[in-house]
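J.: First residue of the sequence shown: 1, per the numbering used here; consecutive thereafter.
C-beta: ideal position from N, C-alpha, C; glycine also.
Predicted model only: the values in this text are computed from it and were never measured.
After the structure tokens below, expect a handful of questions from me.
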Amino acid sequence: MSTWPDTRILDLLGIEVPIIQAPMAGATTTAMVIAANHAGGLGSVPAAALSLEQLREALSTVRQASSRPINVNFFCHQPPAADAVRDRHWKALLEPYYRELGADFDAPTPLSNREPFSEATCKVVEEFRPEVVSFHFGLPEKALLDRVKATGAKVLSSATTVEEAIWLEQHGCDAIIAMGLEAGGHRGLFLSDDLNTQIGLMALVPQIVDAVSVPVIAAGGMGDARGIVAAFALGASAVQIGTAYLFTPEANVTASHHFALRHAQASETALTNLFTGRPARGIVNRVMRELGAINPAAPAFPTSGGALMPLKAKDEAGFSNLWSGQALRLGKDLSTYDLTRQLAEQTLAKLTRD
């Protein structure tokens, strides 16, 4: 493929096209990662929802199929202290739904969990030595981060504000993912939990570019070449794409999620804390409409989803998270390989047009 006008991310990460397939826990499959790699982009393995055995299996599968660089993504949250009173209040708020749907309200509440980066997962990084390791919700403690960097991995993390971007550069990031408010899935915010601090991509990218010396990767609100060209014009060196990959046959999405992605309007996404306890953008469904997308009763991340699991089993569309960014109406039913190549080719054509 012809030369890109900004090759800093290509040189840093050893990839052919400046497109990163977003690490979407639950939806990303090894087939998606492999196909993104084969298309010249950077495939990303999401580790937060995987056991150590599942992570090793996923990395082994990808390594056997592709010799190209891979990204492994980890969460950096602090597990919350137990709060039985808040948990009971949350479940009581959901009791009318249990009664309506015939779910067993008195049964033990299922566990909802996401694993943060730890000593054990650091050992997996040291074992497989992925070329790129990315983090969400900040960075791990310095001792663990130093071990990651000692493997030779390049380190990325998400910033939702200029202040977070500066902090990430000061603490060792090789590139910053500028996560606009439009992006689907969990917000990467970590210096503040105030949603009023969150900024749209058009305003966020150039300010982060001006504030840091490392390359910036734009994420959120891009679903075709036009958005990627705009990101480059704002100073980004690459893009991270998520929602568009949910339309590929390699994506692992439920029937309800598949339907919602293809029928919801761009205005029908919202930030919600109901499903995990942290703000994340998804397609609005029944429980979001009726309880409010942001509800202060939701227990701390990542525990709030446990009480919703029995309801999800009865009514998947109404009570499951349907993660999506605001650019969902730009989604096309293409394979991961074809999507990555098409995005790259059409973007490059626009960037190099006289």
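1) Which stretch, first to last residue, makes up the beta strand (DSSP E) that contains Gly-43?
2) Let me check one thing: in DSSP terms, what residues is Ala-211 bridge-paired to?
3) By the DSSP assignment, the alpha helix (DSSP H) with Arg-286 in it spans what residues?
4) Hey, Ser-320 and Thr-254 are a contact pair by Cβ (cut 8 Å); roughly how many whole angstroms apart?
5) Counting only the same chain and skipping the five closest in sequence on each side, list residues whose C-beta sits under 6 Å from that of Cys-173.
6) Using only CA atoms, which one of Thr-276, Trp-4 and Leu-274 lies nearest to Glu-16?
7) DSSP on Trp-323, reduced to helix/strand/coil?
8) For Trp-167, which option in Ala-39, Ala-203, Gly-185 and Leu-139 has the closest C-alpha, if you only look at C-alpha atoms?
9) Apart from the five residues just before and just after Pro-389, which ones in its own chain have a Cβ nearer than 7 Å to its Cβ?
10) Using 8 Å for Cβ pairs, my map puts Glu-95 next to Phe-105. What's the rounded Cβ distance?
11) Give, in chain order, every unbroken run of the alpha helix (DSSP H) that is at least 4 residues long and sits entirely within the segment 165-236.
12) Would you mind sorting Ala-276 into buried or exposed? The rule is 16 or more other CB atoms within 10 Å of its CB.
13) Which residues mark the beginning and the end of the beta strand (DSSP E) in which Thr-416 is found?
14) Cβ of Glu-182 within 8 Å of Cβ of Gly-220?
15) Give me whichever residues DSSP pairs with His-136 in a beta bridge.
16) Counting pairs of beta carbons, one from the segment 256-268 and one from the segment 39-57, are three or more of them closer than 8 Å?
17) Under the assumption that Val-205 contacts Gly-235 (Cβ atoms under 8 Å), give the Cβ distance between them as a whole number of angstroms.
18) Is it the case that the segment 240-249 contacts the segment 315-335, given that we only count it when at least three CB pairs across the two stretches are under 8 Å?
19) What distance in whole Å lies between the Cβ atoms of Ala-264 and Leu-328, which are believed to be in contact at a cut-off of 8 Å?
20) Can you check whether the CB of Leu-101 is closer than 8 Å to the CB of Lys-350?
21) Tell me which residue opens and which closes the beta strand (DSSP E) that Ala-84 is part of.
22) Terminal residues of the continuous beta strand (DSSP E) containing Thr-381?
23) Helix, strand or coil for Pro-116 per DSSP?
24) Would you report the Cα separation of Gly-43 and Arg-99, rounded to the nearest angstrom?
25) If you measure between the beta carbons of Gly-188 and Phe-137, is that distance less than 8 Å?
26) Tell me the DSSP bridge mates of Gly-282?
27) Mark Lys-142 as exposed unless 16 or more other C-beta atoms lie within 10 angstroms of its C-beta, in which case mark it buried.
28) Can you tell me whether Asn-113 is buried or exposed? The criterion is at least 16 other CB atoms within 10 Å of its CB, across all chains shown.
29) Excluding the 5 residues preceding and the 5 following Ile-283 in the sequence, name in chain order all residues of the same chain whose CB lies nearer than 7 Å to its CB.
30) Assuming Ala-300 contacts Met-32 (C-beta within less than 8 Å), just tell me the rounded distance between them.
31) For Gln-265, report the span of its alpha helix (DSSP H) as first-last.
32) So Ile-177 packs on Ala-159, CB below 8 Å; how close in whole Å?
33) Buried or exposed for Leu-111, going by 16 or more other Cβ atoms inside 10 Å?
T.: Checking against the coordinates, here is how it stands:
1) Position 43 of the sequence shown holds residue 43. Where Gly-43 is concerned, the enclosing beta strand (DSSP E) stretches over 43-46.
2) Translated into the one-based positions of the sequence shown, residue 211 becomes position 211. Answer is none; Ala-211 lacks a bridge partner.
3) For the purposes of this step, residue 286 is taken as residue 286 along the sequence shown, with counting starting at 1. 286-291 is the extent of the alpha helix (DSSP H) around Arg-286.
4) As a first step, residue 320 is located in the sequence shown; it is residue number 320 there, counting from the start. As a first step, residue 254 is located in the sequence shown; it is residue number 254 there, counting from the start. That pair is a contact at about 7 Å.
5) Taking the sequence shown and counting its residues from 1, the one referred to as residue 173 is at position 173. Once the five neighbours on either side are set aside, the close Cβ partners of Cys-173 are Val-155 and Ser-157.
6) Translated into the one-based positions of the sequence shown, residue 16 becomes position 16. The option with the nearest alpha carbon to Glu-16 is Trp-4.
7) The residue you call residue 323 lines up with position 323 of the sequence shown. If DSSP states are grouped into helix, strand and coil, Trp-323 belongs with the strands.
8) Your numbering for residue 167 matches position 167 in the sequence shown. For Trp-167, the nearest C-alpha among the options comes from Leu-139.
9) Given that the chain is displayed from residue 1 to residue 354, the structure contains no residue 389 and the question cannot be resolved.
10) As a first step, residue 95 must be located in the sequence shown, where it is residue number 95. As a first step, residue 105 must be located in the sequence shown, where it is residue number 105. Cβ atoms of Glu-95 and Phe-105 come within 8 Å of each other, at about 6 Å.
11) Contiguous alpha helix (DSSP H) elements confined to the segment 165-236 occur at 201-211 and 225-233, taking only those with 4 or more residues.
12) Within the sequence shown, numbered from 1, the residue matching residue 276 stands at position 276. In the sequence as presented, Ala is not what sits at residue 276; that position holds Thr. Only buried fits Thr-276, as 16 or more other CB atoms lie within 10 angstroms of its CB.
13) Outside the displayed range of the chain (1 to 354) lies residue 416, so it cannot be described from this structure.
14) Locating residue 182 in the sequence shown gives position 182, counting from the first residue. Locating residue 220 in the sequence shown gives position 220, counting from the first residue. Yes, they are a contact pair.
15) For the purposes of this step, residue 136 is taken as the residue at position 136 of the sequence shown. Its beta-bridge partners are Phe-75.
16) For the pair of segments examined, the segment 256-268 was found not to touch the segment 39-57: the number of CB pairs separated by less than 8 Å stays below three.
17) Start at 1 with the first residue of the sequence shown, and residue 205 comes out as number 205. Start at 1 with the first residue of the sequence shown, and residue 235 comes out as number 235. Confirmed, Cβ separation roughly 6 Å.
18) By the Cβ rule, the segment 315-335 counts as touching the segment 240-249, because three or more pairs are nearer than 8 Å.
19) What you label residue 328 is simply residue 328 of the sequence shown in a count that begins at 1. What you label residue 264 is simply residue 264 of the sequence shown in a count that begins at 1. Beta-carbon to beta-carbon, Leu-328 and Ala-264 are separated by about 6 Å, close enough to satisfy the 8 Å threshold.
20) Taking the first residue of the sequence shown as 1, we reach residue 350 at position 350. Taking the first residue of the sequence shown as 1, we reach residue 101 at position 101. Result no, Cβ atoms of Lys-350 and Leu-101 do not sit closer than 8 Å.
21) The residue given as residue 84 occupies position 84 in the sequence shown. Careful: Ala-84 lies outside any beta strand (DSSP E), inside the alpha helix (DSSP H) at 84-101.
22) Only positions 1 to 354 of the chain appear in the structure, and residue 381 is not among them; the question remains open.
23) Translated into the one-based positions of the sequence shown, residue 116 becomes position 116. Of the three classes helix, strand and coil, the one that applies to Pro-116 here is strand, per DSSP.
24) Taking the first residue of the sequence shown as 1, we reach residue 43 at position 43. Taking the first residue of the sequence shown as 1, we reach residue 99 at position 99. Answer to the nearest angstrom: the Cα atoms are 43 Å apart.
25) Walking along the sequence shown from the start, residue 188 turns up at place 188. Walking along the sequence shown from the start, residue 137 turns up at place 137. Note that the C-beta distance between Gly-188 and Phe-137 is below 8 Å.
26) Here the question's residue 282 lines up with position 282 in the sequence shown. Ala-270 and Trp-323.
27) The residue given as residue 142 occupies position 142 in the sequence shown. Looking at its Cβ environment, which holds fewer than 16 other Cβ atoms inside 10 Å, Lys-142 is exposed.
28) Your numbering for residue 113 matches position 113 in the sequence shown. Burial call: exposed.
29) For the purposes of this step, residue 283 is taken as the residue at position 283 of the sequence shown. Closer than 7 Å at the Cβ level, and outside the excluded window around Ile-283, lie Ala-260, Ala-264, Glu-268, Thr-269, Leu-322 and Ser-324.
30) Sequence index remark: in the sequence shown, residue 300 carries index 300 (1-based). Sequence index remark: in the sequence shown, residue 32 carries index 32 (1-based). By a beta-carbon distance limit of 8 Å, Ala-300 does not contact Met-32. Their separation comes to about 30 Å.
31) Mapped onto the sequence shown, residue 265 falls at position 265. DSSP places Gln-265 outside any alpha helix (DSSP H), giving it a letter other than H or E.
32) Here residue 177 refers to the residue found at position 177 of the sequence shown. Here residue 159 refers to the residue found at position 159 of the sequence shown. Contact holds; Cβ gap of about 7 Å.
33) One-based indexing of the sequence shown puts residue 111 at position 111. Exposed, since its Cβ has fewer than 16 Cβ neighbours within 10 Å.
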